[in-house]
DNA sequence: GCGACAG
DNA sequence: ATCTTGTCGC
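Residue numbers (my numbering): 25 to 248.
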């Protein structure tokens, strides 16, 4: 479990420096064992943003049934800055992960993986810190360009930044806005797309994300 | 200088 | 992210 350790109580400027020092550690090819349990990770806010609530939902990769979950709250101490999302949300996510009783084999995060200006979006950063394979599943684009995506479910178009392919714009359901899938850590793009589709049933978002989102933004009673 | 800008 | 009801369409 090759973790990485660095401070979280930093300034936006220092955060950028940390990203530059970690980008080279991201592994863009498959390096994962059997994927039996997949986890959805998401964050919500309470008290007008003063409290960050992170949630993790572990699902059986085959049945997509919830097998474990955890929630954690902590005061918000980093602002929302495009490109620095991980510094705002990861601290609370680490608390939630520590509360799990069942370890997941793969992480699906809300937000980008390497489809990021410095190739270290929240999914990549989290995967690196916890030492687990991860995938970035964003609902909207942070950077990169792409052509139109065929309407059929499963169709996708590469997301590019110059000559580099930084992700895939994937249609998880016909007729709705596509998802931005990118390598997080220890997984190749093809496998990432495959895993996202495998976790998606009849909705636009994969079940992992739907579970994590309802746990992170649902009634305050959830998990309290 | 003028946009763009994950959650 | 969050504030918020109804409504158009398959």
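Think of the CB as a built atom: it goes at the ideal place given N, C-alpha and C, for glycine as much as any other residue.
DSSP-derived helix/strand/coil call for residue i
i	result
residue 118	helix
residue 207	strand
residue 129	coil
residue 225	coil
residue 87	coil
residue 95	strand
residue 61	strand
residue 51	coil
residue 112	helix
residue 232	helix
residue 68	strand
residue 34	coil
residue 238	helix
residue 244	coil
residue 80	strand
Nearest candidate by alpha-carbon position, reference residue i, set the options
i	options	result
residue 75	208, 116, 179	116
residue 45	149, 62, 217, 57	149
residue 219	158, 174, 170, 226	158
residue 110	35, 178, 186	35
residue 249	55, 57, 83, 61	No answer is possible for residue 249: the residues shown for the chain start at 25 and end at 248.
residue 37	175, 106, 173, 133	106
residue 176	33, 231, 201, 163	201
residue 217	229, 194, 225	194
residue 71	92, 228, 98, 142	98
residue 112	65, 33, 170, 173	33
residue 166	141, 89, 65, 187	141
residue 73	65, 30, 88, 103	103
residue 226	42, 88, 215	88
residue 63	121, 244, 188	121
Within 8 Å, strictly: CB atoms of residue i and residue j
i	j	result
residue 135	residue 147	yes
residue 96	residue 123	yes
residue 52	residue 168	no
residue 183	residue 151	no
residue 180	residue 192	yes
residue 108	residue 39	yes
residue 119	residue 58	no
residue 206	residue 139	yes
residue 210	residue 101	no
residue 126	residue 61	yes
residue 81	residue 232	yes
residue 306	residue 49	No information on residue 306 is available, as it lies outside the stretch 25 to 248 that the chain covers here.
residue 137	residue 208	yes
Presumed contact (8 Å Cβ cut-off) between residue i and residue j, rounded CB distance
i	j	result
residue 203	residue 161	6 Å
residue 196	residue 224	5 Å
residue 133	residue 65	5 Å
residue 221	residue 178	6 Å
residue 93	residue 239	6 Å
Quiz item: If you scan the segment 152-216 from start to end, which runs of the beta strand (DSSP E) of 3 or more residues do you find wholly inside it?
Solution: 158-162, 180-185, 188-194, 203-209
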